[in-house]
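Here's the structure, in structure tokens; my notes come after.
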Amino acid sequence: MKIGIYGGTFNPPHLGHLTSAKAAMAALGLDKLIFLPAAVPPHKELPQGSPGAEQRLEMMTLAADALLEPEKTAVSDMELRRGGKSYTVDSLRQLREQYSRDELWLLMGTDMFLSLQNWREPAAICAMAHLATFAREESDRLEQLEKQGNYLAETFGAESRVLSLPRVTPVSSTQLREKLAQGEGSPYLPLPVYGYILRNGLYGTHADLKHLSDDDLRSCSLSMVRAKRHAHILGVEEEAVRLAKRWGADPELARRAGILHDCTKYLELEEQLQICGEYGILLDDLERVAVKLLHSKTGAALAKHVYGQPEEVYWAIFWHTTGKPDMTLLEKIVYLADYMEPNRDFDGVEELRRLCYEDLDAALQMGLEMSISDLRERGVPVHKNTQGALDWILEHRKG
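When we follow my numbering, the leftmost residue of the sequence shown carries the number 741, and every step to the right adds one.
Dropping the structure here:
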């Protein structure tokens, strides 16, 4: 295998890092790319007020996940676990033991490449891994990089390549930290990383989580789930807004319910139960053991108590998984948007979508019937509120 090793402080990880990672994967034909956040960089002091190593690791994990290449990308806590200054040669020795038969490529920026002869044990580094440095297409340093590559080859036997990056708006980590402290900088960051920064008040952001803009609320929500869930959340948001406009509900409330409806989707059962206990949410016997039923309740709790959303949004999220008898208009809209948003693909979904814009109650009946049928086919218990919702809508439409 060809394995890329991409180290750095990632303080914070930004779109430039991801652009470089994608360019390296394509140009080198990498089978795997390992991001390696440094615990204590040996070449410079971390700026005062920087997040701790664990938070930088979590941000890098979110950034790597945003590449949507889970089979090819990984984030290693090797340097964090080792402690002390993070020397590349030490990490390469560990990685060489783990990947003894594989071809390693050490990825780095131009400044690091140009100073590699000053690193600890440069000869050992060049013996264990090939080198790849990033350069922008319009860079005036290509001649300098080529000269450095020749020097490293002659001095240490290094094999190196210069990887051309597409044109992007450059930003240094220093500039980005300054922008974040000024309430700017989000365009340079993956949305979940920016959301993590807001949620944790990093880099002087100090966001009021109960009064976020739609964009910032969306970033916070996406930072709480895996990247593979993002398309669904965005689809529910936009579908809920369209349905709200069609049936006369408040589009902004629908939008915010859509944004937050799955924010606790990936919490484990213990965490779900802890949130329910903290906010006094009563659970029945089925809910206590069925983690898939809990995220609607815990998501509603965070929407209200952390993100300051009103009661209408709280209840729309609370009931979006099971439904209930006598649902409000907004509750119906969010339930159905979750069921048939554009990324859903199952038998009958097109008919369900058509009904949603022609007869909302008929669509709700169809959605509930399909859900109950699917649960029974899979041998999964049907929650009493789901059956109650169907019974109510059947009686209501009959009358």
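All C-beta atoms, glycine included, are put in the ideal place defined by N, C-alpha and C.
- Per DSSP, reduced to three states, the secondary structure at phenylalanine 874 is strand.
- The C-beta separation of valine 1074 from alanine 997 comes to about 5 Å, placing the pair in contact by the 8 Å criterion.
- Annotation for threonine 895: no beta strand (DSSP E) segment contains it, though the alpha helix (DSSP H) segment containing it runs 882 to 896.
- Around the C-beta of histidine 1123, 16 or more other C-beta atoms lie within 10 Å, and the residue is accordingly described as buried.
- Look at tryptophan 845 here: in three-state DSSP terms it is strand.
- Residue nearest to threonine 801 within the set Leu885, Tyr934 and Pro927 is Tyr934 (criterion: CA-CA distance).
- Taking one beta carbon from each stretch, the region 911 to 919 and the region 879 to 893 have fewer than 3 pairs nearer than 8 Å; the two do not touch.
- Non-local C-beta neighbours of methionine 765 in its own chain, meaning closer than 8 Å and more than five positions away in sequence, comprise Gly744, Leu773, Glu809 and Lys812, ordered along the chain.
- About 18 Å separates the CB atoms of proline 787 and leucine 820; that is not less than 8 Å, and the two are not in contact.
- Taking C-beta separations shorter than 6 Å and ignoring five residues to either side along the sequence, the partners of histidine 1035 in its chain run Thr1004 and Lys1005, following chain order.
- In terms of CA proximity to aspartate 954, Gln1049 leads the group Gln1049, Trp845, Leu1070 and Ser855.
- Exposure of glutamine 1014 is indicated by the presence of fewer than 16 other C-beta atoms within 10 angstroms of its C-beta.
- Counting C-beta pairs with one atom in each stretch, the region 1051 to 1062 and the region 956 to 968 have fewer than three that are closer than 8 Å, which means they do not touch.
- The beta-bridge partner set that DSSP reports for proline 777 consists of Gly748.
- Taking C-alpha positions only, aspartate 1002 is separated from alanine 984 by approximately 19 Å.
- Secondary structure of alanine 971 (DSSP, three-state): helix.
- Straight-line measurement puts the Cα of glycine 849 at about 12 Å from the Cα of threonine 759.
- For arginine 986, the number of other beta carbons within 10 angstroms of its own is below 16, and it is reported as exposed.
- Isoleucine 1021 sits in coil when the DSSP states are folded into three classes, being neither helix nor strand.
- Leucine 905: member of the beta strand (DSSP E) spanning 900 to 905, first to last residue.
- Taking all protein chains in view, the Cβ of proline 930 is crowded by 16 or more other Cβ atoms within 10 Å, so the residue is classified as buried.
- Taking the C-beta atoms as reference points, leucine 916 is found no nearer than 8 Å to tryptophan 845.
- Looking only at Lys762, Ala869 and Lys1037, the smallest Cα-Cα distance to leucine 807 is reached by Lys762.
- Separation of arginine 796 and alanine 804 (C-alpha to C-alpha, rounded to the nearest whole angstrom) is 12 Å.
- Sequence-distant partners of glutamate 1027 (beyond 5 residues in either direction) whose C-beta falls short of 7 Å from its own C-beta, in its chain, are Leu1033 and Leu1034.
- Shortest Cα-Cα distance from proline 1121 to any of Ala1102, Leu1092 and Thr1062 involves Thr1062.
- Collapsing the DSSP output to three states places lysine 825 in a strand.
- Under DSSP, lysine 742 forms a beta bridge with Glu843.
- Excluding sequence positions up to five before and after glycine 941, its CB lies within less than 8 Å of the CB of Ala947, all in the same chain and listed in chain order.
- Within the same chain, Val976, His1001 and His1060 come within 7 Å of aspartate 1078 by CB-CB distance, once the 5 residues on both sides are set aside.
- The C-alpha of glycine 748 is placed about 24 Å away from the C-alpha of glutamine 922.
- Secondary-structure assignment with DSSP links alanine 814 through a beta bridge to Ile774.
- Using a Cβ distance threshold of 8 Å, tyrosine 943 and leucine 920 count as a contacting pair.
- Setting aside the 5 residues that flank it on each side, serine 926 is surrounded in the same chain by Tyr934, each with a C-beta closer than 6 Å to its C-beta; the list follows chain order.
- Cysteine 866 carries a helical assignment under DSSP once its states are collapsed to helix, strand and coil.
- Restricted to the region 1019 to 1060, the alpha helix (DSSP H) segments that are unbroken, complete and at least 4 residues in length are 1025 to 1029, 1031 to 1045 and 1051 to 1058, listed in chain order.
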